[in-house]
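S.K.: In the working numbering, the protein residues as written are 1 to 98.
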Amino acid sequence: MASGIVVGKVAVEAKQPNSAIRKAVRVQLKKNSKVITAFVPRDGSLRLIDDNDRVLIAGMGRSGRSVGDLPGVRFKVIKVAGFSLLALWLGKKEKPRS
Numbered sequence: 001m002a003s004g005i006v007v008g009k010v011a012v013e014a015k016q017p018n019s020a021i022r023k024a025v026r027v028q029l030k031k032n033s034k035v036i037t038a039f040v041p042r043d044g045s046l047r048l049i050d051d052n053d054r055v056l057i058a059g060m061g062r063s064g065r066s067v068g069d070l071p072g073v074r075f076k077v078i079k080v081a082g083f084s085l086l087a088l089w090l091g092k093k094e095k096p097r098s
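1) Mind checking Ile57: buried by the 16 CB within 10 Å criterion, or exposed?
2) For Ala20, I'd like the list of residues in its chain whose CB is within less than 6 Å of its CB, leaving aside the five on either flank, ordered along the chain.
3) When the Cα of Asn32 is compared with those of Val77, Asn18, Arg74 and Gly4, which residue comes out closest?
4) Pull up the CB-CB distance for Phe75 and Ala38, whole angstroms please, since I reckon it's below 8 Å.
5) Threshold first: 4 residues or longer. Then list the alpha helix (DSSP H) segments lying entirely within the stretch 42–95, N to C.
6) Is the Cβ-Cβ distance between Lys9 and Leu46 less than 9 Å?
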């Protein structure tokens with residue numbers, strides 16, 4: 001797991017034979033300042049993430065390889081601003097205004 005700052009929101013096109021636009025964010029890591037792409041799980045949860053938010057990301061899938069039909073995406077978002085993305089999505093927590 002690693003933490004970083006959201007640089008921007010991007011849409012990643014799925015590989016063939018699937019046809020979809022998956023939502024993701026560009027994150028600048030704290031530990032080495034690299035900019036990576038992280039997948040945002042769950043429908044509509046991209047609206048819960050803003051630019052310059054602190055996020056916690058974790059690897060998804062096979063040992064550092066990209067997963068499924070998402071080319072170049074190796075990580076997924078777990079927490080936003082210190083709160084679980086699932087709790088924010090379910091409405092159990094509310095993101096603090098910064």
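We put the CB at the ideal spot given by N, CA and C, even for glycine.
M.R.: Short version:
1) buried
2) Ala14
3) Gly4
4) 4 Å
5) 85–90
6) yes
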